[in-house]
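*Asks:*
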Amino acid sequence: MRKLFSSATTKLISAILLAALCLAVCINTLPVWLAKKMMVTSAETLLSAEACNVSAILTTASGENGGTDLMNVSVAPANRILLIDSTGQILLDTNTEYNRTGSYMLTKAFMTALDGEAAFFSDLTSEAFHYSIMLPANIPVENRQSAVLCITQSDTNGAAKIAELRTKVLYLTIFMLAAFLLLGVWIFLRLHRSTKTLLFGMSEIRKGNFKYRIDVNADQEFAQIGRGLNELCETFAATDERRRRFVSDASHELKTPLATVKLLSDSIIQTPNMDREEIVEFLTDISNEIDRLTRISSGMLSLAKLDDTSRAVQKEALDLAAVAETVCRMLAPLAKASGCQIRHELTPKIFFAANYDSIYQIFYNLIENSIKYGSKGKEVRVFLFERDHSAHFIVDDDGDGIPPEDLKRIFDRFYRVDKARARATGGTGLGLSIVASSVKACGGTVEAQNRQGGGARFIVRFPLPNISDNTNEPESDKGGENA
Ligand code: ADP
Numbered sequence: 083m084r085k086l087f088s089s090a091t092t093k094l095i096s097a098i099l100l101a102a103l104c105l106a107v108c109i110n111t112l113p114v115w116l117a118k119k120m121m122v123t124s125a126e127t128l129l130s131a132e133a134c135n136v137s138a139i140l141t142t143a144s145g146e147n148g149g150t151d152l153m154n155v156s157v158a159p160a161n162r163i164l165l166i167d168s169t170g171q172i173l174l175d176t177n178t179e180y181n182r183t184g185s186y187m188l189t190k191a192f193m194t195a196l197d198g199e200a201a202f203f204s205d206l207t208s209e210a211f212h213y214s215i216m217l218p219a220n221i222p223v224e225n226r227q228s229a230v231l232c233i234t235q236s237d238t239n240g241a242a243k244i245a246e247l248r249t250k251v252l253y254l255t256i257f258m259l260a261a262f263l264l265l266g267v268w269i270f271l272r273l274h275r276s277t278k279t280l281l282f283g284m285s286e287i288r289k290g291n292f293k294y295r296i297d298v299n300a301d302q303e304f305a306q307i308g309r310g311l312n313e314l315c316e317t318f319a320a321t322d323e324r325r326r327r328f329v330s331d332a333s334h335e336l337k338t339p340l341a342t343v344k345l346l347s348d349s350i351i352q353t354p355n356m357d358r359e360e361i362v363e364f365l366t367d368i369s370n371e372i373d374r375l376t377r378i379s380s381g382m383l384s385l386a387k388l389d390d391t392s393r394a395v396q397k398e399a400l401d402l403a404a405v406a407e408t409v410c411r412m413l414a415p416l417a418k419a420s421g422c423q424i425r426h427e428l429t430p431k432i433f434f435a436a437n438y439d440s441i442y443q444i445f446y447n448l449i450e451n452s453i454k455y456g457s458k459g460k461e462v463r464v465f466l467f468e469r470d471h472s473a474h475f476i477v478d479d480d481g482d483g484i485p486p487e488d489l490k491r492i493f494d495r496f497y498r499v500d501k502a503r504a505r506a507t508g509g510t511g512l513g514l515s516i517v518a519s520s521v522k523a524c525g526g527t528v529e530a531q532n533r534q535g536g537g538a539r540f541i542v543r544f545p546l547p548n549i550s551d552n553t554n555e556p557e558s559d560k561g562g563e564n565a
């Protein structure tokens with residue numbers, strides 16, 4: 083029972099039925115009460131005026147000693163006239179059928195009239211409306227003196243009208259209750275169907291069926307919830323797909339070096355009398371593969387950390403030029419070994435609140451990639467400047483650039499344009515993904531372009547507070563991909 087009333091649908095239906103019941107009670111009482119009140123008020127006015135007239139007529143007709151036959155006095159024929167003495171005994175009753183002359187009438191109204199005030203009262207029976215008025219009247223009746231005059235009027239027409247009104251109101255109530263009941267059933271069925279659809283959809287999501295879409299062809303609120311759940315499903319499905327792809331890519335990436343390590347170690351074990359030089363060569367290859375495995379696992383770990391949005395990162399106001407300069411200095415030996423040099427134009431004192439390691443990693447990965455893949459032109463150019471309330475960090479090279487069809491996927495995890503070449507340069511395909519995730523975590527954007535003159539360009543933008551432009555930028559090129 084408690085469970086039944088904890089349901090919103092049951093509460094709503096109960097509220098509708100309660101409202102219908104209240105309305106039915108009001109409709110059944112108010113109009114009848116009003117009609118009765120109006121009838122009684124008008125009857126009171128008419129009867130009061132008539133009572134004064136009758137009192138005057140009777141006083142005149144009775145003469146000094148009351149000898150005249152008061153029964154013959156012509157007053158309104160529908161009225162019954164009673165004259166009561168101060169003890170409450172009826173001295174005269176004009177009704178011949180139920181004549182009560184001689185009996186006593188000690189009612190509250192009589193007492194009021196005896197006290198000198200007119201008293202009106204009414205009573206509704208199934209046959210008629212009975213109105214009575216009592217007022218003080220000293221009229222001689224056969225040597226006795228009356229104290230109160232009572233006039234009673236019966237209105238059968240008014241009673242019939244009230245009965246008719248009651249019947250009409252009853253029909254209206256039955257019709258209204260039926261309409262409310264139908265409305266309640268209709269609302270219940272609609273709510274029931276919508277909630278059932280939503281609950282079924284939610285159970286499908288809970289089971290992991292992210293392809294399921296809830297039918298949003300329902301009432302506005304339910305359609306909104308349905309749309310929200312469908313969007314949630316799409317996000318879940320995309321995340322699930324990314325996770326599956328990542329796991330499959332990661333296992334694929336790990337499989338190759340592991341297979342190489344296994345092959346080389348098996349060769350050493352199974353080849354008797356292998357000469358030392360050959361063993362050293364095999365072990366060097368094994369060591370290289372282990373380095374590669376280490377790079378992959380640390381890349382995956384970095385990405386897992388970046389994916390964890392609940393992780394708190396320590397931020398500080400960083401001078402971006404100082405970080406970029408440190409990275410250039412750190413990579414200078416690699417550039418030299420590759421036969422190129424790093425040239426940089428860095429606007430100093432551009433401060434950005436971020437984690438030092440993240441910014442260092444972003445700059446390092448981009449400059450290292452340009453040395454690895456674009457040092458053909460013997461120069462890697464690094465720029466840092468402010469523009470449009472953003473810090474722009476740009477790395478240009480004069481290499482082969484990135485094939486336009488690969489620009490879209492360049493920031494995907496484990497994506498490499500030329501797998502063989504990337505493998506030769508020790509690439510894992512995680513460097514740019516780490517850049518993209520780190521930049522996003524800082525609230526910035528990263529974009530890859532091919533320069534018109536050849537070579538690749540990577541642009542990172544960090545949002546800055548409102549500071550005036552201080553530009554030191556390279557020539558503009560088009561055709562890029564954002565992350
Ligand atoms: P990797 O570890 O293989 O370098 P990244 O995610 O850093 O992985 O880069 C992904 C791929 O993008 C690389 O394999 C390379 O093919 C391409 N790439 C990155 N930077 C450049 C660049 N400056 N010029 C040309 N290609 C690049």
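83 is the number of the first residue of the sequence shown in the numbering used here; add one for each residue after it.
Backbone N, C-alpha and C fix where the C-beta goes; we use that ideal spot for every residue, glycine too.
Being a predicted model, the structure only gives us computed values, none of them experimental.
#1: For Gly536 and Gly483, which I take to be in contact (beta-carbon distance under 8 angstroms), what is that distance rounded to the nearest angstrom?
#2: Can you check whether the CB of Gln531 is closer than 8 angstroms to the CB of Asp541?
#3: My output table needs one value for Arg539: the three-state DSSP class, helix, strand or coil.
#4: Just to confirm my understanding: we take Ala90, look at its own chain, exclude 5 residues before and 5 after, and list those with CB closer than 6 angstroms. What are they?
#5: Can we count Asn451 as close to the ligand ADP, meaning its CB is less than 7 angstroms from some heavy atom?
#6: Only counting runs of 3 or more residues, tell me where the beta strand (DSSP E) segments fall wholly within the region 212-291, in order along the chain.
#7: Would you please state the rounded distance, in angstroms, between the beta carbons of Arg162 and Ile172? I believe it to be under 8 angstroms.
#8: Within the present structure, is the beta-carbon of Val464 separated from the nearest heavy atom of the ligand ADP by less than 7 angstroms?
#9: Taking the continuous beta strand (DSSP E) assigned at Asn447, which residues delimit it?
#10: Tell me where the beta strand (DSSP E) around His474 begins and ends.
#11: Whole angstroms is fine: what's the gap from Thr249's alpha carbon to Glu199's?
#12: Do the region 325-337 and the region 354-364 touch if we need at least three Cβ pairs shorter than 8 angstroms?
#13: Phe433 bridges to which residues according to DSSP?
#14: Pair every Cβ in the region 218-233 with every Cβ in the region 127-145, then say whether three or more of these pairs are closer than 8 angstroms.
#15: Would you check if there are 3 or more beta carbon pairs closer than 8 angstroms linking the region 233-244 to the region 193-211?
#16: Output yes or no for whether 8 angstroms exceeds the beta carbon distance between Ser472 and Pro547.
#17: Near Thr515, what residues of its chain come up, given a Cβ to Cβ distance below 7 angstroms and the 5 sequence neighbours on each side ignored?
#18: What residue range does the alpha helix (DSSP H) around Ser384 cover?
#19: For Gly509, count the other beta carbons within 10 Å of its own beta carbon; 16 or more makes it buried, fewer makes it exposed. Which is it?
#20: Report the partner residues of Ile172 according to the DSSP bridge assignment.
#21: For Pro545, does the three-state DSSP call read helix, strand or coil?
#22: Indicate, with yes or no, if the ligand ADP has a heavy atom lying under 7 angstroms from the CB of Tyr455.
#23: Measuring CA to CA, which of Ala404, Ala101, Leu388, Lys418 is closest to Thr429?
#24: Tell me where the alpha helix (DSSP H) around Ala332 begins and ends.
#25: Hey, is Asn447 close to the ligand ADP, as in C-beta under 7 angstroms from one of its heavy atoms?
#26: Are the CB atoms of Asp237 and Ala125 within a distance shorter than 8 angstroms?
#27: Could you tell me whether any non-hydrogen atom of the ligand ADP is closer than 7 angstroms to the CB of Ala578?
#28: Cα separation between Ser440 and Val521?
#29: Nearest CA to the CA of Trp115: which residue from Leu311, Leu365, Ala394, Leu247?
#30: Examine the ligand ADP and report whether any of its heavy atoms sits within less than 7 angstroms of the Cβ of Val499.
#31: Would you call Arg411 buried or exposed, if buried means 16 or more other Cβ atoms sit within 10 Å of its Cβ?
#32: Taking the Cβ atom as the reference point for each residue, do Ile109 and Leu254 lie within a distance shorter than 8 angstroms?
#33: In the DSSP assignment, find the unbroken beta strand (DSSP E) run with Thr527 in it and report its ends.
#34: Suppose contacts are defined by Cβ-Cβ distances below 8 angstroms. Is Lys431 in contact with Asp470 by that definition?
#35: As a quick exercise: from Asp167, Tyr180, Val267, pick the residue whose alpha carbon is nearest that of Ala59.
#36: With burial defined as no fewer than 16 other Cβ atoms inside 10 Å of the residue's Cβ, what is the status of Arg64: buried or exposed?
*Replies:* Inspection of the coordinates gives the following:
#1: The Cβ separation is near 6 angstroms, so the contact holds.
#2: Reading off the sequence, residue 541 comes out as Ile, not Asp. Between Ile541 and Gln531, the C-beta gap is smaller than 8 angstroms, which places the two residues in contact.
#3: For Arg539, the secondary structure class from DSSP, reduced to helix, strand or coil, is strand.
#4: For Ala90, where only same-chain residues beyond five positions count, there are no Cβ hits under 6 angstroms.
#5: Asn451 Cβ: within cutoff of the ligand ADP.
#6: The region 212-291 contains these whole beta strand (DSSP E) runs: 230-237.
#7: Not really, about 11 angstroms apart at Cβ, beyond 8 angstroms.
#8: For the ligand ADP, not one heavy atom lies less than 7 angstroms from the Cβ of Val464.
#9: Annotation: Asn447 is outside any beta strand (DSSP E); the continuous alpha helix (DSSP H) that includes it extends over 438-456.
#10: Start and end: 472-479.
#11: Between Thr249 and Glu199, the C-alpha separation is close to 38 angstroms.
#12: The region 325-337, when compared against the region 354-364, does not touch it at the 8 angstroms Cβ threshold.
#13: Per DSSP, the beta bridge partners of Phe433 are Asp401.
#14: Yes, since at least three Cβ pairs between the region 218-233 and the region 127-145 fall closer than 8 angstroms, the two stretches touch.
#15: Segments in contact, yes.
#16: Pro547 is positioned such that its CB atom lies no closer than 8 angstroms to that of Ser472.
#17: Residue identity differs from the one stated: residue 515 is Ser in this sequence, not Thr. Result list for Ser515: Leu385, Phe493, Asp494, Arg495, in chain order.
#18: DSSP places Ser384 inside the alpha helix (DSSP H), whose first and last residues are 358-389.
#19: Burial call: buried.
#20: According to DSSP, which records beta bridges pairwise, Ile172 is partnered with Ile166.
#21: Here Pro545 sits in strand by DSSP.
#22: At least one heavy atom of the ligand ADP lies less than 7 angstroms from the C-beta of Tyr455.
#23: Looking from the CA of Thr429, the closest CA among Ala404, Ala101, Leu388, Lys418 belongs to Ala404.
#24: For Ala332, the uninterrupted alpha helix (DSSP H) run begins and ends at 302-352, by DSSP.
#25: Taken from the Cβ of Asn447, at least one heavy atom of the ligand ADP lies inside 7 angstroms.
#26: The answer is yes: Cβ separation under 8 angstroms.
#27: Not covered by the structure: residue 578. The range shown for the chain is 83 to 565.
#28: Going from the Cα of Ser440 to the Cα of Val521 covers about 8 angstroms.
#29: With distances taken between CA atoms, Trp115 lies nearest to Leu247 out of Leu311, Leu365, Ala394, Leu247.
#30: Answer for Val499: yes, Cβ within range of the ligand ADP.
#31: Result: exposed.
#32: Ile109 is a Cβ neighbour of Leu254, given a cutoff of 8 angstroms.
#33: Where Thr527 is concerned, the enclosing beta strand (DSSP E) stretches over 527-532.
#34: Result no, Cβ atoms of Lys431 and Asp470 do not sit closer than 8 angstroms.
#35: The shown model of the chain, from 83 to 565, leaves out residue 59, and the question about it has no answer.
#36: The structure shown does not extend to residue 64, since the chain is modelled only from 83 to 565, so the question has no answer here.
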